[in-house]
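2 protein chains.
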Amino acid sequence: MADNYKIILEYDGGNYSGWQIQQNTSETIQQIVEEALTKINQSKVSLIGAGRTDAGVHAAGQTANFFLDISIPVDKIPLALNRHLPEDIICKKAKKVNDKFHARYDARGKKYRYRILNSNFNSVFVRKFVYNVRKKLDLDPMKKAADILEGTHDFAAFCSAGSSVESTVRTIYSINLILSGDEIWIDVFGDGFLYNMIRIIAGTLIDVGRAKISLADFKEILISCDRRKAGFTAPARGLTLLEVFYD
Amino acid sequence: MADNYKIILEYDGGNYSGWQIQQNTSETIQQIVEEALTKINQSKVSLIGAGRTDAGVHAAGQTANFFLDISIPVDKIPLALNRHLPEDIICKKAKKVNDKFHARYDARGKKYRYRILNSNFNSVFVRKFVYNVRKKLDLDPMKKAADILEGTHDFAAFCSAGSSVESTVRTIYSINLILSGDEIWIDVFGDGFLYNMIRIIAGTLIDVGRAKISLADFKEILISCDRRKAGFTAPARGLTLLEVFYD
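Chains A and B, in that order, are what the protein sequence lines are. Under the numbering used here, residues 412 to 658 are what the first sequence spells out, in order. Under the numbering used here, residues 412 to 658 are what the second sequence spells out, in order.
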């Protein structure tokens, strides 16, 4: 009997073509973790991730599940897995779950953080995980603009072309701007996100912070449902999937 | 007339063979910064660093000085220099100084930080700048042991063989252990340090934290002046030169 396991993964997405397995590259996180699991299980394992992080996006708490044929104490899984993983992908936790648990279908919410390093110079210590904005940002209007996004809205203005979703309506439960030293964190907690949604929100909030977009304009952008009116897509390297929530 | 400039450098030492120029490798920080300065000056520039960080050791505030023949506004120097530097070396500040200023001879003190990630798993976000110790360390005896090191002592027990200094007496002005999330920081401020001194102090304090070395033994180690009695040399990647102090 195969058992179903849920794991929490942390990764530096900088060296990878995103989460999802692709035809033309083996450098995806899903593929690398599947290969490590297959070594442990000694037969093919399929890994189901809660969400598909894009190329260059990081995770502190990506969640995934898979079935193993072999019997292994659950607390040994992270160590066994990390032995087969590169240093920039780490399994932090494993839990035996109900056979019906599905990391993607059962996800009820996700929390992401966009990290802006608002400083004259980049920092060698965090450069791979932040977007360096040199011009001093005004946090107050950024917070007010962020508040406008909370709740259930059609976020079409904050969605890159090329996605084929049925609906662009999503719910943002909370969006908080946090000042931490030289960094500004945009923490977004929602039921699900459109293609590039958080990176476009970050880019648009940055434009608010440097007074290129007013609060009135920001409201207009959301209502317009027009991607061309919103700000730029902030770089992938500033974005981290913090946590996935389940019932 | 050549002008004398003092700069502050931040670097990720992980990809380099240390600060000091060597015959067999061009991958030293001094060499790379000298080459960048030479491009700006269009004739050879020599760079004097406050201290020689070892291979793999990082800096948040390495200090250096050099003379430039060309005339350039001092506030343009960091930007000009960073344009010629790789992303893991950043010039943060430049200041015009007296012709007599010498980054090494005039240094009055240095502050280093040794970062321990005391956690069951490493972290992809900080792994290059910390030493991951899995066993839970007991901070209290570590603090008491650190207190023993403050003041002027013969630190021969905390000095790797192979150094040819005249005296192994040094003064530690302060040594503080700081808990920051999952990290333990050992902050050491002193007038100068012997070869591998802070890394051996860190290794020995870690052994105190995991009850391999008692406080009484720790006192004995200092008095013995015998390197073989002290703990292991903690890895270079956990060490960062924070700041150099001048009159």
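Glycine residues also receive a C-beta, built at the ideal position from the N, C-alpha and C atoms.
Extent of the continuous alpha helix (DSSP H) run through serine 635 of chain A: If you number the first sequence from 1, residue 635 of chain A lands on position 224. Segment 626 to 635, the alpha helix (DSSP H) holding serine 635 of chain A.
Which of helix, strand or coil DSSP assigns to valine 619 of chain A: Counted from its first residue, the first sequence places residue 619 of chain A at position 208. Looking at valine 619 of chain A - three-state DSSP - the assignment turns out to be helix.
Proximal residues, the stretch 415 to 429 of chain A versus chain C, C-beta separation under 7 Å: This model lacks chain C altogether; the protein chains it does include are A and B.
7 Å CB neighbourhood of cysteine 636 of chain B in its chain, flanking five on each side removed: Along the second sequence, read from residue 1 onward, the residue named residue 636 of chain B stands at position 225. Counting only Cβ-Cβ distances below 7 Å, and skipping sequence neighbours, we find Asp565, Ala567 and Ala568.
Alpha helix (DSSP H) segments (min. 4 residues) lying fully within the stretch 531 to 558 of chain B: none
7 Å Cβ cut-off: residues of chain B touching tyrosine 503 of chain A: Here residue 503 of chain A refers to the residue found at position 92 when the first sequence is read from its first residue. Checking the sequence shown, residue 503 of chain A turns out to be lysine, not tyrosine. Those are Phe532, listed as they occur along chain B.
Contacting residues, own chain, Cβ-Cβ under 6 Å from tyrosine 542 of chain B (five flanking each side not counted): Locating residue 542 of chain B in the second sequence gives position 131, where the first residue counts as 1. Result list for tyrosine 542 of chain B: Ile527, Ala645, Pro646 and Gly649, in chain order.
Straight-line gap, threonine 449 of chain A to leucine 458 of chain A (C-alpha atoms, nearest Å): Taking the first sequence and counting its residues from 1, one reaches residue 449 of chain A at position 38. Taking the first sequence and counting its residues from 1, one reaches residue 458 of chain A at position 47. The alpha-carbon atoms of threonine 449 of chain A and leucine 458 of chain A are separated by roughly 10 Å.
Rounded separation between proline 552 of chain B and alanine 518 of chain B - CA only: In the second sequence, the residue the question calls residue 552 of chain B occupies position 141. In the second sequence, the residue the question calls residue 518 of chain B occupies position 107. Distance between the alpha carbons of proline 552 of chain B and alanine 518 of chain B: 32 Å.
Phenylalanine 643 of chain A classed as buried or exposed, judged by whether at least 16 other C-beta atoms fall within 10 angstroms: Along the first sequence, read from residue 1 onward, the residue named residue 643 of chain A stands at position 232. Classification of phenylalanine 643 of chain A: exposed, given that the 10 Å Cβ count is below 16.
Option in A:Leu616, A:Ile583 and A:Thr651 with minimal Cα separation from lysine 640 of chain A: Within the first sequence, the letter at position 229 stands for residue 640 of chain A. Answer by Cα proximity: A:Leu616.
Beta-carbon neighbours of valine 544 of chain B, restricted to chain A and to distances below 8 Å: Numbered from its first residue, the second sequence carries residue 544 of chain B at position 133. Chain A residues near valine 544 of chain B: none, gap ~16 Å exceeds 8 Å.
is_contact[glutamate 498 of chain B, chain A] using C-beta, thresh 8 Å: The residue labelled residue 498 of chain B in the question sits at position 87 within the second sequence. It does; some Cβ of chain A falls within 8 Å.
Any chain B beta carbon closer than 8 Å to arginine 526 of chain A: Within the first sequence, residue 526 of chain A is the residue found at index 115, counting from 1. With 8 Å as the cut-off, arginine 526 of chain A does not count as an interface residue toward chain B.
Residues near aspartate 549 of chain B by beta carbon distance below 6 Å, same chain, minus five either side: The sequence position of residue 549 of chain B within the second sequence is 138, counting from 1. Around aspartate 549 of chain B: Gly620.
Helix, strand or coil at asparagine 509 of chain A [DSSP, three-state]: As a position in the first sequence, residue 509 of chain A is number 98, starting the count at 1. Here asparagine 509 of chain A sits in coil by DSSP.
Distance between beta carbons of tyrosine 422 of chain A and histidine 469 of chain A, contact taken as under 8 Å: As a first step, residue 469 of chain A is located in the first sequence; it is residue number 58 there, counting from the start. As a first step, residue 422 of chain A is located in the first sequence; it is residue number 11 there, counting from the start. In this structure, histidine 469 of chain A and tyrosine 422 of chain A form a Cβ contact; the two beta carbons are roughly 6 Å apart against a cut-off of 8 Å.
Pair within 8 Å by beta-carbon distance, glutamate 583 of chain A and leucine 560 of chain A: Position 172 of the first sequence holds residue 583 of chain A. Position 149 of the first sequence holds residue 560 of chain A. According to the sequence provided, residue 583 of chain A is isoleucine. The question's glutamate does not apply to it. With contacts defined by Cβ atoms closer than 8 Å, isoleucine 583 of chain A and leucine 560 of chain A form a contacting pair.
Contacts around aspartate 598 of chain A, its chain only, beta-carbon distance under 6 Å, and the 5 residues preceding and following it disregarded: Along the first sequence, one-based indexing puts residue 598 of chain A at 187. Once the five neighbours on either side are set aside, the close Cβ partners of aspartate 598 of chain A are Arg524 and Asn587.
Glutamate 654 of chain B in three-state terms, based on DSSP: Within the second sequence, numbered from 1, the residue matching residue 654 of chain B stands at position 243. Strand at glutamate 654 of chain B.
Below-8 Å beta-carbon distance, proline 489 of chain A vs any chain B residue: Counting from one through the first sequence, the residue named residue 489 of chain A turns up at place 78. Yes, proline 489 of chain A counts as interfacial toward chain B.
Proximity winner among A:Arg545, A:Phe629 and A:Pro497, relative to alanine 556 of chain A (alpha-carbon distances): Residue numbering aside, residue 556 of chain A sits at position 145 when the first sequence is read from its first letter. Per the Cα distances, A:Phe629.
Cα-Cα separation, phenylalanine 512 of chain A to glutamine 473 of chain A: By 1-based counting over the first sequence, the position of residue 512 of chain A is 101. By 1-based counting over the first sequence, the position of residue 473 of chain A is 62. The straight-line gap from Cα to Cα measures roughly 15 Å.
Top-ranked residue by Cα proximity to proline 484 of chain B, from B:Val444, B:Ser437 and B:Asn415: Against the second sequence, residue 484 of chain B aligns to sequence position 73. Comparing Cα-Cα distances from proline 484 of chain B to each of B:Val444, B:Ser437 and B:Asn415, the minimum goes to B:Asn415.
Cutoff 8 Å; reference threonine 439 of chain A; Cβ partners in own chain excluding five residues on either side: Counting from one through the first sequence, the residue named residue 439 of chain A turns up at place 28. These residues qualify, in order along the chain: Tyr427, Ser428, Gly429, Trp430, Gln431, Ile432 and Gln433.
Arginine 648 of chain A at chain B interface by Cβ criterion, 8 Å: Taking the first sequence and counting its residues from 1, one reaches residue 648 of chain A at position 237. Not closer than 8 Å to any Cβ of chain B, the Cβ of arginine 648 of chain A fails to qualify, so no.
Bounding residues of the beta strand (DSSP E) (the contiguous stretch that carries valine 599 of chain A): In the first sequence, residue 599 of chain A corresponds to position 188, counting from 1. From DSSP, the beta strand (DSSP E) with valine 599 of chain A extends over 594 to 601.
Selected residue, minimal CA-CA separation from isoleucine 595 of chain A, among A:Cys570, A:Thr563 and A:Val537: Within the first sequence, the letter at position 184 stands for residue 595 of chain A. Comparing Cα-Cα distances from isoleucine 595 of chain A to each of A:Cys570, A:Thr563 and A:Val537, the minimum goes to A:Val537.
Test item: CB-CB of asparagine 452 of chain B and aspartate 486 of chain B under 8 Å: Position 41 of the second sequence, counted from the start, is the residue given in the question as residue 452 of chain B. Position 75 of the second sequence, counted from the start, is the residue given in the question as residue 486 of chain B. No, Cβ-Cβ distance for asparagine 452 of chain B and aspartate 486 of chain B is not below 8 Å.
Chain A contact for arginine 538 of chain B (CB, 8 Å cutoff): As a position in the second sequence, residue 538 of chain B is number 127, starting the count at 1. Closer than 8 Å to the CB of arginine 538 of chain B there is at least one CB belonging to chain A.
Assigned exposure category for aspartate 510 of chain A - 16 Cβ within 10 Å defines buried: By one-based count along the first sequence, residue 510 of chain A stands at place 99. Exposed, by the Cβ-count rule.
Close beta carbons around alanine 357 of chain B, own chain, < 8 Å, minus the five adjacent residues each side: Residue 357 of chain B cannot be examined here, being either before or after the span of chain B that is shown, 412 to 658.
Beta-carbon proximity of alanine 471 of chain A to proline 489 of chain A, cut-off 8 Å: Looking up residue 471 of chain A in the first sequence gives position 60. Looking up residue 489 of chain A in the first sequence gives position 78. No, the Cβ-Cβ distance between alanine 471 of chain A and proline 489 of chain A is not below 8 Å.
Three-state secondary structure assigned by DSSP to arginine 524 of chain B: The residue given as residue 524 of chain B occupies position 113 in the second sequence. For arginine 524 of chain B, the secondary structure class from DSSP, reduced to helix, strand or coil, is strand.
Below-8 Å beta-carbon distance, valine 535 of chain B vs any chain A residue: Residue numbering aside, residue 535 of chain B sits at position 124 when the second sequence is read from its first letter. Output row for valine 535 of chain B: interface = yes.
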